[in-house]
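Protein chains in written order, with our numbering: chain A, 1241 to 1376; chain S, 1241 to 1376.
Only one structure is covered here, and it is reproduced in the block below.
Protein chains: 2
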Amino acid sequence: MENLTTIGKLAKAQGVRAATLRYYEQMGLVPATRRTAAGYRVYGEDAARRLHFIRRAQALGFSLEEIAELLNLSDRPHASAGEVKKITRRKIAEIETRVRDLERMKRALMQIEHRCSGHGSTAKCPILAALGEDRS
Amino acid sequence: MENLTTIGKLAKAQGVRAATLRYYEQMGLVPATRRTAAGYRVYGEDAARRLHFIRRAQALGFSLEEIAELLNLSDRPHASAGEVKKITRRKIAEIETRVRDLERMKRALMQIEHRCSGHGSTAKCPILAALGEDRS
DNA sequence: CTTGACCTTCAAGCTGACTTCAAGGTTTAA
DNA sequence: TTAAACCTTGAAGTCAGCTTGAAGGTCAAG
């Protein structure tokens, strides 16, 4: 089954507002859908997957513009392979940097947690030290 | 040496604007500094470390409010250990989720990169599949 | 001892990502 | 068949996180 749905149902299912979906469409994040005779938007389940991706990526700190760029990568499967590859590698590198920074922050937080259990001494500001080295 | 400096120098050194530093002070992200007789702000190097942390944390997608919360953890070393511990654990869990999501996104990008080298077939939309499972 | 590069505050303006509102047309359930 | 619950567009409002501008005080170099 194709599982067609209206904007309101898709929105509710994904925990966003219908207005947000229209906004994403306007911003080019989701393609303009086909419409009913009355002009109502009609969504298939690919729309749900796409929307889900957008929300998760956002939670990871990507801007809508960056997300559009990521989605573009998979939308144009073989278009200008060289460029796609370049962007992809850049994104991968960005992600690796983020992960490293997050791991450092995590270690700092674990130190704080440990210290707060009474085991640590006055070792000061592990969190500030966390992202202290090397420039982005 | 204590390495005291003015707002302009600190700002330039960290690649932000002086106005941004004033804004952070206003928002409570950096404590109000002492001033010269003329009312000029005077910064020590702790300010530089703090600022550096703020910028990196921002790049990781934390809001200023969240960053303030993180900084508070290290500012009040032993204040209400129970609460600090709770917040710390929550932040650690959040970070772990983020890292997992980023790793998934990275794997998807690597598939795209691979596919674009001509090795892959029409395996479609690895990026959409990337964050497709389990809810945040 | 003045000129230009700083610093001060306060207020208004801008961008991204929505949200809300107004004024309507459509669908559906009683 | 009509009222509630949808949908449409367009435009304005909101919040975070700055940026810019105005109007003025301070400091360092020549």
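Cβ atoms here follow ideal geometry from the backbone N, Cα and C, with glycine treated the same way.
Cβ separation of residue i and residue j, assumed to be a contact under 8 Å, to the nearest whole Å
| i | j | result |
| --- | --- | --- |
| T1276(A) | V1282(A) | 6 Å |
| T1273(S) | A1287(S) | 7 Å |
| H1292(A) | Q1351(A) | Rounded, the Cβ-Cβ distance is 35 Å, inconsistent with contact. |
| L1342(S) | L1371(A) | Wrong, their Cβ atoms sit about 16 Å apart, outside the cutoff. |
| R1295(S) | L1368(A) | Incorrect: roughly 12 Å between the Cβ atoms, too far for contact. |
| V1256(S) | V1339(A) | Contact flag wrong, Cβ pair sits at about 25 Å. |
Cross-strand partners of residue i (DSSP beta bridge)
| i | result |
| --- | --- |
| R1290(A) | The partner list for R1290(A) (beta bridge, DSSP) is empty, contrary to what the question assumes. |
| Y1283(A) | T1245(A) |
| R1274(A) | V1282(A) |
Backbone secondary structure at residue i - three-state DSSP
| i | result |
| --- | --- |
| R1257(S) | coil |
| T1337(A) | helix |
| H1359(A) | Note that H1359(A) scores 48 on pLDDT, short of 50, meaning its location in the model is unreliable and no value can be drawn from it. |
| M1350(S) | helix |
| L1368(S) | helix |
| L1313(A) | helix |
| G1322(A) | helix |
| P1267(A) | Looking at the sequence shown, residue 1267(A) is not Pro but Met. Correct three-state label for M1267(A): coil. |
| L1300(A) | coil |
Test item: CB-CB of residue i and residue j under 8 Å
| i | j | result |
| --- | --- | --- |
| E1353(S) | K1325(A) | yes |
| L1451(S) | G1279(S) | Summary: the structure shown does not reach residue 1451(S), with chain S confined to residues 1241 through 1376, and so no result is reported for it. |
| L1385(A) | T1246(S) | The requested residue 1385(A) does not occur in the structure, where chain A is confined to residues 1241 to 1376. |
| L1304(A) | M1345(A) | no |
heavy atom of the ligand GDP below 7 Å from residue i C-beta
| i | result |
| --- | --- |
| H1292(A) | Within the structure as shown, the ligand GDP is missing, as the structure has no ligands at all. |
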